[in-house]
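For reference, the structure discussed in these notes is given below.
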Ligand SMILES: Nc1ncnc2c1ncn2[C@@H]1O[C@H](COP(=O)(O)OP(=O)(O)OP(=O)(O)O)[C@@H](O)[C@H]1O
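Numbering (our numbering), first residue to last: 56 to 310.
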């Protein structure tokens, strides 16, 4: 059988906090073009694994390849420049900025970041700003947030903030987005919309790794599902295989 083309491949990852082995020799793979799920009981190490993959915390050991290149020595913003970006369990939006400003902050390699370029390339700067704003508005339109573009992000509901955080990742031209519990604390109607957006972005070529406790979301979105328990790999398979795996069931019942 032909080997699947892996976009993210992490092996032998470990991280301890004092005496707690939060992630213990774990591995995970995200195939290019897939929506991959990461599940496990509370405290299984899912968020720690996400933090390791995106280099928000350094592993004690292990290796991470993204697009066949090692990334474990790169800071998160350099990883984002390569097309690998994440969201957080509690959406991190800047409440005192407008929804549109939140979107524009994510634009990579802006001429305006460089003092000299601002002085000498004013025309380029203006057309770049115009293009970025158009792009941001078009993404906001596609997720139903354009009417709120000039509202403070802090005025959005919890679910809308999650949607804004996801929409913002698109400004970075991502190849892979890690979503940390996109459905947590979100009303059912918005959960359905978020799932449709994820499927739509996946159709456009973006791969996803999703942590989620809502099994309906995992089962409806994912091609493959990885299960962690007590920091180590417990199972990996299709959603149907995982649903019928007794060890997985026991890990959840035993929590
Ligand atoms: N910064 C930290 N300091 C100490 N212990 C931590 C830290 N972060 C995580 N842990 C511990 O590591 C273990 C794994 O936690 P983690 O948050 O990664 O699990 P999780 O699977 O994401 O859980 P949940 O589904 O409840 O969010 C837990 O025992 C947790 O208490």
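No residue lacks a Cβ here, since even glycine has one placed at the ideal position from N, Cα and C.
- Counting only runs of at least 4 residues, the segment 210 to 253 fully encloses the following alpha helix (DSSP H) elements, listed from N- to C-terminal order: 213 to 225.
- According to DSSP, residue pairing for residue 91 in a beta bridge involves 264, 279.
- Non-local beta-carbon contacts of residue 204 in its own chain, meaning distances under 6 Å to residues more than five positions away in sequence, involve 154, 155, 195 in chain order.
- A distance below 6 Å between beta-carbons, with the five flanking residues on each side excluded, links residue 99 to the following residues of its chain, in chain order: 283, 284.
- Using a Cβ-Cβ distance cut-off of 8 Å, the segment 262 to 280 and the segment 74 to 81 are not in contact, since fewer than three pairs of beta carbons, one from each stretch, lie closer than that value.
- Nearest neighbour of residue 263 by Cα position, chosen from 248, 247, 229, turns out to be 229.
- Under the three-state reduction of DSSP output, residue 306 falls in the helix class.
- Taking the CA atoms as reference points, residue 190 sits about 28 Å from residue 108.
- Short of 8 Å from the beta carbon of residue 149, and not among the five residues preceding or following it, lie these beta carbons of its own chain, in chain order: 156, 157, 160, 208.
- The bridge partners DSSP lists for residue 138 come to none.
- The beta carbon of residue 184 is closer than 6 Å to none in its chain, skipping five residues each way along the sequence.
- Between ligand 1 and the CB of residue 239, the shortest heavy atom gap is not smaller than 7 Å.
- Shown here, residue 84 sits in a strand according to DSSP, grouped into three states.
- Between residue 102 and residue 212, the alpha-carbon positions lie close to 23 Å from each other.
- For residue 92, the CB stays at least 7 Å from every heavy atom of ligand 1.
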